[in-house]
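Going down the list, the sequences are from chains A and B. For the first sequence, position 82 matches number 145 in the working numbering, and the numbering has no gaps at all. For the second sequence, position 365 matches number 376 in the working numbering, and the numbering has no gaps at all. Here's the structure we're looking at; comments come further down.
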Amino acid sequence: MTLPTGSEAVALSSPGRARSRRPRIRPEKDLTERIGVFLCRCGGSVDGRLDIDAVRERVSSMDGVETCLVMDYPCSKEGREAIIGAIGEHDLDRFVVAGCSPKVVDERFMTVARESGVNPFMVEIANIREHCSMIHRHDEATSKAIKLVKAAVSKCSLLVPAPYARTRAEREEVLVYGNGMSAMVAVDELLSEGGKVHLVVPFDPKNLVFNYHDGITPGHLEAMRDRILDSDMVTVYGPGSVHMFQGDPENFRALLRSGEEWKEIGCGAAIVAWEAEEVPPLSVDGVNVITQADLEHLLEEEKVPRSTVMITMFEEDDPYPGRITHIEALRNALRIKVMDPGAEVTIVARDVLAFGMRELDYIEAQSKGVRFVRTGSFPRMIEGSPFIVVVEDETIGEELAIEADLVTMTSWDQPFDTDHIGKVFGAPVDENGYFIPTQVKLKPTASIREGVYLCGTGVESKTPSEVVLEARSAASRAMTLVRSEIERGGAVAEVDPELCSACLTCVRSCPFSAPFIGETGKAEIDIGLCQGCGICAGICPSKAIQLFTSTDDQISVQTEMLTGGRDL
Amino acid sequence: MVIGAGIAGISAALGLAERGIFVNLVDSDSAIGGRSRELSCKGLDKCVRCDVCLATDKLLEVGRSEMIRVLRNTRVKSVSGSPGNFRVTLERSPSPVDEGSCNACGKCVEICPANAISPPRSGIPLTYSIDPDACLWYRGDDCHLCEEACPQGAIDLSRKGSTKRMQVGAIVVATGFTPFDPDLDPRYSHDLIPGVLSSLEAERQISIDGDLVPPEGTSLDRLAFVQCVGSRDLKHGVEYCSKVCCKYSMGIALLLRALHPELEITFFYMDWRPYDLKGEDLREWASRDQGVRSIRSRPAEILPSETGKPVVRFTDAGESISEEEFDMVLLSVGMAPPEGLEDLAERLGLRTTPQGYIETSVERPAMTSRPGIFASGCCTGPKDIEESAMEGNAAAGEAASFLEGSP
């Protein structure tokens, strides 16, 4: 594979690359270090269970506190308006709300801050409800609430305005890099949602073929492919490859190679739709071993074997074939039985993986006389014509010898090139070469890099219908991202160039590739990529990195207040 | 409008809201979250990424979103009109607690003599609800204690249900599933022999008490899982496999085994079908761990022993009949179509499958037989949290492009 030449690489890293660009800071108030504190009665679930006036009294006298109000519901519309009023009246540049969990209300009070010109990251929430009034006796709750609010006020007094911005993607195009079915389906979904697509395929896209159809109408995928390749909304690069992918959802930039040419494109999101490839099974001397796909071709030519043994496990110590294995086996077994009810078919499996509604095929196969042998050990094959497959049937505890003129074995699914692609897109791969998605269940298809989505059997073994679902889901998420507001900055890390020794520890340890060495030779953080996890801040040997909303000073003053270090 | 506020419905609603489309999220329950609220965290000393806690995060996102209106205790009564302009009549069941003024102070819970009032299970929205089956007033007594105790005046027991009409452009059906009722299979003596629980009851115990609670006077030394209860069972009209049971029972077993190093666990199963092929494998676990056994058999019945403990009667390899006594038996219950789905499908004009789920296409998994109406989650067939969330996303995409009038 050819890498970009010198000048091409320079072009990509030219100032237009926007690597260290800071989000625009909105015009905000000058820092006055005037704090407002708003205590919530929460209709009796705080007030009544602790002495809220005592809390008010203790907090009001703290340095910097300009006003301390006890309110019924700060989170209500009236409450929020009262806070906005107090900010104007007392010229506050930061405030503390004490009430329930920040998980529930932080967004609401950050909005209040934005509306009144206060930096939304200059707001602290103290939880004096769930963590305090609801679980402690009255006097204990009061003294704990005093500590919690004082800690929040102390931290608040040390807050500095974090850089943040709300932007939209500059480009609506979505880059799809893929080698099979999931790429086609993802592009189809993007088009149906009115998107524009850059499609990169590692070979001539006309050669995209689909091995398994799994209930999908025959011809559907092929028609989809042709439609996509003809569409005005899709730019196709093939044979092509992606060599660099930089930036963030506001402005991703990718370096592609298409045929002999290098191209740079911009986009708002990327979908890596990579399929694992089939590795054919080992051949056995004197035994006619083929794959299910081969058998499918035989059946299309109406060559029906008299006796077939389908081995759906691997010789190696791995009981699980991919998710498609048994579905294909059942399908071909049923086809054989329809074409020749007298033909013998035996499926050898440890467990028959007929998930969900596939069970119906399994039931039908049983009723049509397909034999199922369950075993934990790989069968032996004895040469001959016909040859003999010897297998131990666990359910009856006996060894069976089955005459066969054809054996199908399962091919391996193996993702290729994912290591390299993962590095380009910032998506980690596991030891078997599969992409690792982030929270699998609730953010399916999301990678750890915002704006990069994953789908296809390169993530996990799947049936074609599952691939369809996943690809549509990924495309739908990508479209949502390019069409919605993106919030950047806020709780992000910052490097103090005076302290940084450019040791690269942060660069190596960041899971999101946010730190880089800037033009001054010191580390910098790309705010578009930083997720505020704090790993770099914790690991930096020079203590040069701080998180805007959790600096060392802020944490120590909070700890001091909570542990009674002073003034209690 | 999204019908059903479980994982699939919430994913669809959030996806639509993010695109600036206003969503009416309708649920017949008094809180959102669907079945995910009944599940327990499977981690012990470390997170095992069962992601049940993340479901709560999604709920909070719904609570925050200004583009989603949550309509609880609400059912769809009728739908008329045409795709792009549906006229919907919603029926709100009587809910004596006013959502706007209840602040979950808990005074009503303390005073209720019948234990009929409970906090919202998901915490979203933060409003208490009254169980009409337990409430004395609903049962005919003249008890008004909660009304008097509420400092907000939020409770009015005589409040009637109401109907609401609205126009919506598209509908996403996400009404989930009903767990198989193990009482329908009397051979397993659920509710008859102490210690025989459904897996959902077990998850509930674990999420409340942090552990399984053995029947009084016994200890938990021997535990059995019976797989495929209400799945792959033609006798009970369930031909299909429910997909998720191998996975969740493995999660529960790993947790309990870690909690109780001496606990013996036996699995009775037909085929081990782990949803996640990368996860722990039962047979491999059993060969490595002395305390774990896997028996390929569907037990014939569960009988009480002389001491009242459950005895599992089963056929082992070689056709011999065995009986074994356990302290507790967990029945891994499968999924059935949600109650009232057939009725709803008829009102919406949707085709259903012979198994009673909403028919969707393989090529467009969120597309139903009627334009403008989409479906996601377990109301189209059994699936896990991940797949439900994915279908919710896909439904959001389909509904958004339908509303935006894209090709």
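For each residue, glycine too, the CB sits at the ideal point set by N, CA and C.
- Query: Comparing the C-beta of Q238 of chain B with each C-beta of chain A, is any distance below 8 Å?
  - Reply: Reading the second sequence from its first residue, position 227 is the one you call residue 238 of chain B. Output row for Q238 of chain B: interface = no.
- Query: Quick one: is E529 of chain A buried, meaning 16 or more other Cβ sit within 10 Å of its Cβ, or exposed?
  - Reply: Along the first sequence, read from residue 1 onward, the residue named residue 529 of chain A stands at position 466. Label assigned to E529 of chain A: buried.
- Which residue's Cα is closest to the Cα of N270 of chain A: A:R288, A:G278 and A:E407? Here residue 270 of chain A corresponds to residue number 207 of the first sequence, with the count starting at 1. If we check each option's Cα against that of N270 of chain A, A:R288 comes out closest.
- Query: Since W296 of chain B meets chain A, which of its residues come closer than 8 Å, beta carbon to beta carbon?
  - Reply: In the second sequence, the residue the question calls residue 296 of chain B occupies position 285. Within chain A, no residue comes near W296 of chain B; the closest Cβ sits about 12 Å away, beyond 8 Å.
- How about G496 of chain A and T508 of chain A: do their beta carbons lie closer than 8 Å? Locating residue 496 of chain A in the first sequence gives position 433, where the first residue counts as 1. Locating residue 508 of chain A in the first sequence gives position 445, where the first residue counts as 1. One thing to note: G496 of chain A has its Cβ no nearer than 8 Å to the Cβ of T508 of chain A.
- Leaving aside the five residues before and after L27 of chain B along the sequence, list all residues of the same chain whose C-beta is less than 7 Å from its C-beta, in chain order. As a position in the second sequence, residue 27 of chain B is number 16, starting the count at 1. V34, A407, A410 and A411, listed in sequence order.
- Taking just the CA atoms, how far does G151 of chain A sit from P90 of chain A? Taking the first residue of the first sequence as position 1, residue 90 of chain A is located at position 27. Taking the first residue of the first sequence as position 1, residue 151 of chain A is located at position 88. Low confidence applies to P90 of chain A: its pLDDT is 46, below 50, so where it sits in the model is not reliable enough to give any reading.
- Whose Cβ in chain A lies nearer than 7 Å to the Cβ of E250 of chain B? Numbered from 1 along the second sequence, position 239 holds the residue referred to as residue 250 of chain B. Under the 7 Å cutoff, chain A gives E422, L423 and I426.
- Cα-Cα separation between S217 of chain A and S605 of chain A, rounded to whole angstroms: If you number the first sequence from 1, residue 217 of chain A lands on position 154. If you number the first sequence from 1, residue 605 of chain A lands on position 542. So the alpha carbons of these two residues sit roughly 26 Å apart.
- My guess is that V81 of chain B and A16 of chain B are in contact by the Cβ rule of under 8 Å, so how many angstroms apart are they, rounded? For the purposes of this step, residue 81 of chain B is taken as residue 70 along the second sequence, with counting starting at 1. For the purposes of this step, residue 16 of chain B is taken as residue 5 along the second sequence, with counting starting at 1. Right, the Cβ-Cβ distance comes to about 7 Å (below 8 Å), so this counts as a contact.
- Message: Would I191 of chain A and G162 of chain A qualify as a contact pair, given that the criterion is a beta-carbon distance under 8 Å?
- Response: Within the first sequence, the letter at position 128 stands for residue 191 of chain A. Within the first sequence, the letter at position 99 stands for residue 162 of chain A. The answer is yes: Cβ separation under 8 Å.
- Rank A:A145, A:E324 and A:H194 by C-alpha distance to the C-alpha of F172 of chain A and give the top, closest one. The residue labelled residue 172 of chain A in the question sits at position 109 within the first sequence. When only C-alpha atoms are compared, the closest one is A:A145.
- Task: Sort B:F97, B:T67 and B:P105 by Cα distance to N84 of chain B and report the nearest one.
- Result: The residue you call residue 84 of chain B lines up with position 73 of the second sequence. Taking only the C-alpha atoms, the option nearest N84 of chain B is B:P105.
- Item | Under the three-state DSSP convention, the category R386 of chain A falls into | What you label residue 386 of chain A is simply residue 323 of the first sequence in a count that begins at 1. Note: R386 of chain A maps to coil in three-state DSSP.
- How about the segment 326 to 339 of chain A and the segment 421 to 438 of chain A: do they share at least three Cβ pairs that are nearer than 8 Å? no
- Task: Just the C-alpha distance for D228 of chain B and L267 of chain B, rounded to the nearest angstrom, thanks.
- Result: Position 217 of the second sequence, counting from 1, holds the residue named residue 228 of chain B. Position 256 of the second sequence, counting from 1, holds the residue named residue 267 of chain B. Residue identity differs from the one stated: residue 228 of chain B is Gly in this sequence, not Asp. In a straight line, the C-alpha of G228 of chain B is about 20 Å away from that of L267 of chain B.
- Query: Of all the CB atoms in chain B, is at least one closer than 8 Å to the CB of R434 of chain A?
  - Reply: Looking up residue 434 of chain A in the first sequence gives position 371. R434 of chain A does not count as touching chain B.
- Query: When you check each C-beta in the segment 257 to 291 of chain A against every C-beta of chain B, which residues fall closer than 8 Å?
  - Reply: G257, D277, G278, I279, T280 and H283
- Task: May I ask you to list the residues that DSSP assigns as paired with S370 of chain A?
- Result: Along the first sequence, one-based indexing puts residue 370 of chain A at 307. Answer is A:E407, bridged to S370 of chain A.
- Closest by CA to S387 of chain B, which one among B:D40, B:L156, B:I369 and B:R30? Within the second sequence, residue 387 of chain B is the residue found at index 376, counting from 1. Ranking B:D40, B:L156, B:I369 and B:R30 by Cα distance to S387 of chain B puts B:I369 first.
- Assign T205 of chain A to one of three DSSP states: helix, strand, or coil. Your numbering for residue 205 of chain A matches position 142 in the first sequence. Of the three classes helix, strand and coil, the one that applies to T205 of chain A here is helix, per DSSP.
- Query: How many angstroms separate the CA atom of T583 of chain A from the CA atom of E561 of chain A?
  - Reply: Counted from its first residue, the first sequence places residue 583 of chain A at position 520. Counted from its first residue, the first sequence places residue 561 of chain A at position 498. About 11 Å.
- Message: Give me the residue from B:C161, B:Y149, B:R304 and B:E102 with the minimum Cα distance to I122 of chain B.
- Response: The count along the second sequence starts at 1 and reaches residue 122 of chain B at position 111. Taking only the C-alpha atoms, the option nearest I122 of chain B is B:C161.
- Task: Could you tell me whether any Cβ in chain B is nearer than 8 Å to the Cβ of L547 of chain A?
- Result: In the first sequence, the residue the question calls residue 547 of chain A occupies position 484. Leu is not the amino acid found at residue 547 of chain A; the sequence shown has Ser there. Judged by the 8 Å Cβ criterion, S547 of chain A is in contact with chain B.
- Paired residues, beta bridge with Y516 of chain A - DSSP: Along the first sequence, one-based indexing puts residue 516 of chain A at 453. Bridge partners of Y516 of chain A: A:I334 and A:A509.
- Any idea if G278 of chain B is buried or exposed, counting beta-carbon neighbours within 10 angstroms, 16 or more meaning buried? Here the question's residue 278 of chain B lines up with position 267 in the second sequence. The sequence as given places Phe at residue 278 of chain B; Gly does not occur at that position. With 16 or more other Cβ atoms within 10 Å, it is buried.
- Message: Count Cβ pairs between the segment 586 to 594 of chain A and the segment 311 to 326 of chain A that sit closer than 8 Å; are there 3 or more?
- Response: Enough Cβ pairs lie closer than 8 Å, so yes.
- Message: I'd like to know whether the C-beta of K431 of chain A is nearer than 8 Å to at least one C-beta of chain B.
- Response: For the purposes of this step, residue 431 of chain A is identified with residue 368 of the first sequence, where counting begins at 1. Not one chain B Cβ lies under 8 Å of K431 of chain A.
- Label E178 of chain B either buried or exposed according to how many other C-beta atoms from any shown protein chain fall within 10 Å of its C-beta, with 16 as the threshold for buried. Residue numbering aside, residue 178 of chain B sits at position 167 when the second sequence is read from its first letter. First, the amino acid is wrong: residue 178 of chain B is Gln here, not Glu. By the 16-neighbour rule on beta-carbons within 10 angstroms, Q178 of chain B is exposed.
- Query: For R1 of chain B, which residues in chain A fall below 8 Å Cβ to Cβ?
  - Reply: Since the first residue of chain B shown is 12 and the last is 418, residue 1 of chain B is not available in this structure.
- Any beta-carbon of chain A closer than 8 Å to the one on P310 of chain B? On the second sequence, residue 310 of chain B is found 299 positions in, with the first residue counted as 1. So, not an interface residue.
- Task: Please name the residue in A:T622, A:I445, A:H483 and A:D476 whose C-alpha comes closest to that of I465 of chain A.
- Result: Here residue 465 of chain A corresponds to residue number 402 of the first sequence, with the count starting at 1. Taking only the C-alpha atoms, the option nearest I465 of chain A is A:I445.
- Query: What is the rounded straight-line gap between the Cα of D135 of chain A and the Cα of E158 of chain B?
  - Reply: In the first sequence, residue 135 of chain A corresponds to position 72, counting from 1. In the second sequence, residue 158 of chain B corresponds to position 147, counting from 1. Near 21 Å, if we compare the C-alpha coordinates of E158 of chain B and D135 of chain A.
- Whole angstroms is fine: what's the gap from H360 of chain A's alpha carbon to G301 of chain A's? Position 297 of the first sequence, counting from 1, holds the residue named residue 360 of chain A. Position 238 of the first sequence, counting from 1, holds the residue named residue 301 of chain A. In a straight line, the C-alpha of H360 of chain A is about 28 Å away from that of G301 of chain A.
- Item | Member of B:E317, B:S91, B:G290 and B:S331 whose CA lies at the smallest distance from the CA of H306 of chain B | Here residue 306 of chain B refers to the residue found at position 295 when the second sequence is read from its first residue. Strictly speaking, residue 306 of chain B in this sequence is Ile, with His absent from that position. If we check each option's Cα against that of I306 of chain B, B:S331 comes out closest.
- Do three or more CB pairs link the segment 241 to 253 of chain B to the segment 337 to 354 of chain B at distances below 8 Å? yes
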